[in-house]
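Input: a single structure, listed below in C-alpha coordinates.
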Amino acid sequence: MRKKLTNPIITGFNPDPVIFHDDEKYYIVVSTFEWLPGIRVYSSTNLYKWHYETSILTDSTLINLREIPEAAQFGGHLLPITTVNIT
123 MRKKLTNPII TGFNPDPVIF HDDEKYYIVV STFEWLPGIR VYSSTNLYKW
173 HYETSILTDS TLINLREIPE AAQFGGHLLP ITTVNIT
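Under our numbering, the first residue of the sequence shown is numbered 123, with each subsequent residue one higher.
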(Lines of atoms letter the chains of each structure in order from A and count residues from 1; the text may use other names and numbers.)
(Lines give C-alpha, C1' and ligand atoms only; values in the text may rest on other atoms or scores of the structure.)
Protein backbone atom coordinates (compact mmCIF):
# COMPACT_ATOMS: atom_id res chain seq x y z
CA MET A 1 0.00 0.00 0.00
CA ARG A 2 1.33 3.41 -0.98
CA LYS A 3 1.50 6.16 1.61
CA LYS A 4 -0.09 9.46 0.78
CA LEU A 5 2.33 12.33 1.31
CA THR A 6 1.04 15.65 2.49
CA ASN A 7 2.81 18.96 2.17
CA PRO A 8 4.61 20.40 3.88
CA ILE A 9 6.63 17.34 4.78
CA ILE A 10 8.23 19.36 7.59
CA THR A 11 5.66 21.45 9.39
CA GLY A 12 6.33 24.94 10.61
CA PHE A 13 8.53 27.69 9.22
CA ASN A 14 11.33 26.02 7.23
CA PRO A 15 12.28 28.26 4.29
CA ASP A 16 15.01 27.82 1.69
CA PRO A 17 15.51 24.06 2.04
CA VAL A 18 18.72 22.46 0.80
CA ILE A 19 18.86 18.67 0.68
CA PHE A 20 21.84 16.31 0.93
CA HIS A 21 22.18 12.55 0.87
CA ASP A 22 24.90 10.33 2.28
CA ASP A 23 25.04 6.53 2.35
CA GLU A 24 22.35 6.22 5.02
CA LYS A 25 20.25 9.39 5.35
CA TYR A 26 18.87 12.44 3.66
CA TYR A 27 19.41 15.80 5.32
CA ILE A 28 17.51 19.05 4.88
CA VAL A 29 19.07 22.29 6.03
CA VAL A 30 16.66 25.24 6.34
CA SER A 31 17.32 28.91 6.99
CA THR A 32 15.64 30.65 9.91
CA PHE A 33 17.72 33.80 10.10
CA GLU A 34 15.02 36.02 11.57
CA TRP A 35 14.33 33.66 14.47
CA LEU A 36 16.53 31.67 16.78
CA PRO A 37 17.70 29.06 16.44
CA GLY A 38 19.03 29.85 12.99
CA ILE A 39 19.68 27.17 10.36
CA ARG A 40 17.98 23.96 11.44
CA VAL A 41 19.00 20.49 10.26
CA TYR A 42 16.56 17.57 9.80
CA SER A 43 17.27 13.98 8.73
CA SER A 44 15.26 11.22 7.10
CA THR A 45 15.86 7.71 5.82
CA ASN A 46 12.81 7.68 3.56
CA LEU A 47 12.07 11.32 2.56
CA TYR A 48 8.75 10.99 4.40
CA LYS A 49 9.46 11.06 8.12
CA TRP A 50 11.82 13.86 9.11
CA HIS A 51 13.60 14.16 12.45
CA TYR A 52 15.09 17.31 13.93
CA GLU A 53 18.86 16.87 14.38
CA THR A 54 20.32 20.22 15.47
CA SER A 55 20.47 23.96 14.94
CA ILE A 56 23.66 25.56 13.72
CA LEU A 57 23.23 29.19 14.83
CA THR A 58 22.04 29.48 18.41
CA ASP A 59 23.73 32.74 19.48
CA SER A 60 21.77 35.91 18.63
CA THR A 61 25.02 37.83 18.04
CA LEU A 62 25.79 35.55 15.08
CA ILE A 63 22.64 36.24 13.09
CA ASN A 64 22.49 40.04 12.82
CA LEU A 65 22.77 40.14 9.04
CA ARG A 66 22.06 43.87 8.89
CA GLU A 67 25.68 44.41 9.93
CA ILE A 68 26.97 42.51 6.88
CA PRO A 69 27.24 44.83 3.83
CA GLU A 70 26.19 42.12 1.35
CA ALA A 71 23.05 41.40 3.37
CA ALA A 72 22.22 45.04 4.08
CA GLN A 73 21.48 45.68 0.41
CA PHE A 74 18.74 43.03 0.64
CA GLY A 75 17.20 44.37 3.86
CA GLY A 76 19.27 42.06 6.03
CA HIS A 77 18.31 38.87 4.21
CA LEU A 78 20.64 36.37 2.59
CA LEU A 79 20.06 32.79 1.56
CA PRO A 80 22.55 30.29 2.88
CA ILE A 81 25.01 28.58 0.60
CA THR A 82 25.27 25.10 2.01
CA THR A 83 27.99 22.58 1.34
CA VAL A 84 28.69 19.24 2.90
CA ASN A 85 31.90 17.32 3.41
CA ILE A 86 31.14 13.63 4.04
CA THR A 87 34.22 11.66 4.91
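Every residue gets a Cβ at the ideal spot worked out from N, C-alpha and C, and that includes glycine.
Between residue i and residue j, how many whole angstroms is the CB-CB distance? I'm expecting something under 8 Å.
i      : j      : result
Val163 : Thr176 : 5 Å
Asn136 : Val152 : 4 Å
Relative to the C-alpha of residue i, which candidate in the options has its C-alpha closest?
i      : options                           : result
Lys171 : Phe135, Tyr149 and Ile178         : Tyr149
Pro159 : Arg124, Leu127, Gly134 and Leu179 : Leu179
Asp181 : Asn168, Ile161, Thr167 and Leu169 : Ile161
Ser166 : Gly134, Lys126 and Asp145         : Asp145
Keeping to the same chain, check which residues put their C-beta closer than 7 Å to that of residue i; ignore five residues upstream and five downstream.
i      : result
Leu127 : Tyr170
Closer than 8 Å by C-beta to residue i: which residues in its own chain qualify, once you throw out the five before and the five after it? Chain order, please.
i      : result
His228 : Because the chain spans 123 through 209 in this model, residue 228 falls outside it and cannot be assessed.
Lys147 : Ser165, Ser166 and Thr167
By the DSSP assignment, the beta strand (DSSP E) with residue i in it spans what residues?
i      : result
Ile178 : His173 to Leu179
Phe142 : Val140 to His143
Gly134 : Neither: Gly134 is in no beta strand (DSSP E) and is coded neither H nor E.
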